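**Student:**
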Amino acid sequence: MLAIVSAIKDEVSTIITELQAEKLPNEAAWISKKNAVYILPLGVGFLAAAIKLQQFYYQHPEINSVLFCGTAGSYKDRNHIGKLVLCQSTILADAAAELKLSLYAPVLEREALQPTLKLDLDLTSGKILTALTLTKSDEAADNIAQNTNSDFENMELYGIASVSKLLNLKWNSILGITNKVGRNGHVEWFKNHRPIEIKSGILVSDMIKSRKC
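For the sequence shown, our numbering assigns the number 15 to the initial residue and increments by one for each residue that follows.
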């Protein structure tokens, strides 16, 4: 059984409609029995996403794979805005530490995680940095990109990947690029996120219907 997850409902609402999914009783989650998928938002931030995914898995242990459908900002290239990308890897980072204002604990495991769920899609892939907070500084965005060699910023993916690894679930991610990371990032996200979420939702729904994942 595949779990299609997101941070907020907007990111999966098109998938719910396209797959004619039914809401599960007493849960903020949906199921498409015909397509053998659960669909649910997990909350904003890597910790909330990790906790909710683990909790949902324990309630539904038939899940064997996870697909995260979310939005992200681009560190390097505005030309990615409006496009969908696959995850090449994800790493957790803190802007304050990257700017030398704080320090990663030496014992903190920060290895990059690579997706294990194969997706037969003709999309660009990139390195996704999972940030603790939204980066609102152009200087910080440039610094993070240079230090980590990351392409895109999201707030949930590392938590989802970590829990999937812990539970031995296959995982991957399709992200819609909504903005350039920096001072105007959140303004651009508000402007762009809905059409990109719909575009992603249609792609994912068609993929599920044709069983390409």
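Backbone N, C-alpha and C fix where the C-beta goes; we use that ideal spot for every residue, glycine too. Since the structure is predicted, the reported quantities are computational estimates derived from the model, not experimental observations.
(1) Excluding the 5 residues preceding and the 5 following A50 in the sequence, name in chain order all residues of the same chain whose CB lies nearer than 6 Å to its CB.
(2) Can you give the Cα-Cα distance for R197 and S20, rounded to whole angstroms?
(3) What's the C-alpha gap between L183 and S79?
(4) Who are T166's beta bridge partners in DSSP?
(5) Would you check if there are 3 or more beta carbon pairs closer than 8 Å linking the segment 188-203 to the segment 89-105?
(6) Who are the near neighbours of T162 in its chain, counting only those whose CB is closer than 8 Å to its CB and skipping five residues on each side?
(7) For T130, tell me which candidate among N186, L54 and S176 has the shortest Cα-Cα distance.
(8) Grouping DSSP H, G and I as helix and E and B as strand, with all else coil, what is Q102?
(9) Tell me the DSSP secondary structure of E36 in three-state form.
(10) Who are the near neighbours of A126 in its chain, counting only those whose CB is closer than 6 Å to its CB and skipping five residues on each side?
(11) Verify whether the separation of the beta carbon atoms of A43 and F70 is less than 8 Å.
(12) For G96, which residues in the same chain have their Cβ closer than 6 Å to its Cβ, ignoring the five residues on either side in sequence?
(13) Using only the alpha-carbon positions, how far apart do A62 and C101 sit?
(14) Can at least three beta-carbon pairs, one atom from the segment 31-46 and one from the segment 203-220, be found at a separation below 8 Å?
(15) Measuring only the C-alpha atoms, how far is Q73 from K48?
(16) Just to confirm, are L98 and I18 a CB contact at a threshold of 8 Å?
(17) Whole angstroms is fine: what's the gap from A150's alpha carbon to L171's?
**Tutor:** Quick answer:
(1) For the purposes of this step, residue 50 is identified with residue 36 of the sequence shown, where counting begins at 1. Only M15 meet the Cβ criterion.
(2) Working through the sequence shown from its first residue, we reach residue 197 at position 183. Working through the sequence shown from its first residue, we reach residue 20 at position 6. For R197 and S20, the distance between alpha carbons rounds to 24 Å.
(3) Against the sequence shown, residue 183 aligns to sequence position 169. Against the sequence shown, residue 79 aligns to sequence position 65. In a straight line, the C-alpha of L183 is about 5 Å away from that of S79.
(4) Residue numbering aside, residue 166 sits at position 152 when the sequence shown is read from its first letter. It is Phe, not Thr, that sits at residue 166 in the sequence shown. For F166, the pairing in a beta bridge is given by DSSP as S88 and I142.
(5) yes
(6) The count along the sequence shown starts at 1 and reaches residue 162 at position 148. Excluding positions up to five away in sequence, the list reads I105, A107, E112, K141 and L143.
(7) Along the sequence shown, one-based indexing puts residue 130 at 116. It is N186.
(8) As a first step, residue 102 is located in the sequence shown; it is residue number 88 there, counting from the start. Reduced to three states, the DSSP call for Q102 is strand.
(9) Along the sequence shown, read from residue 1 onward, the residue named residue 36 stands at position 22. Looking at E36 - three-state DSSP - the assignment turns out to be strand.
(10) If you number the sequence shown from 1, residue 126 lands on position 112. Result list for A126: S103 and I105, in chain order.
(11) The count along the sequence shown starts at 1 and reaches residue 43 at position 29. The count along the sequence shown starts at 1 and reaches residue 70 at position 56. Yes. Within cutoff.
(12) Against the sequence shown, residue 96 aligns to sequence position 82. Counting only Cβ-Cβ distances below 6 Å, and skipping sequence neighbours, we find nothing.
(13) Here the question's residue 62 lines up with position 48 in the sequence shown. Here the question's residue 101 lines up with position 87 in the sequence shown. Distance between the alpha carbons of A62 and C101 is about 20 Å.
(14) yes
(15) Here residue 73 corresponds to residue number 59 of the sequence shown, with the count starting at 1. Here residue 48 corresponds to residue number 34 of the sequence shown, with the count starting at 1. One C-alpha to the other measures close to 20 Å.
(16) Start at 1 with the first residue of the sequence shown, and residue 98 comes out as number 84. Start at 1 with the first residue of the sequence shown, and residue 18 comes out as number 4. It is not a contact, given that the beta carbons lie outside the stated cut-off.
(17) Your numbering for residue 150 matches position 136 in the sequence shown. Your numbering for residue 171 matches position 157 in the sequence shown. Rather than Ala, the amino acid found at residue 150 in this sequence is Lys. Each residue's Cα considered, the two are about 19 Å apart.
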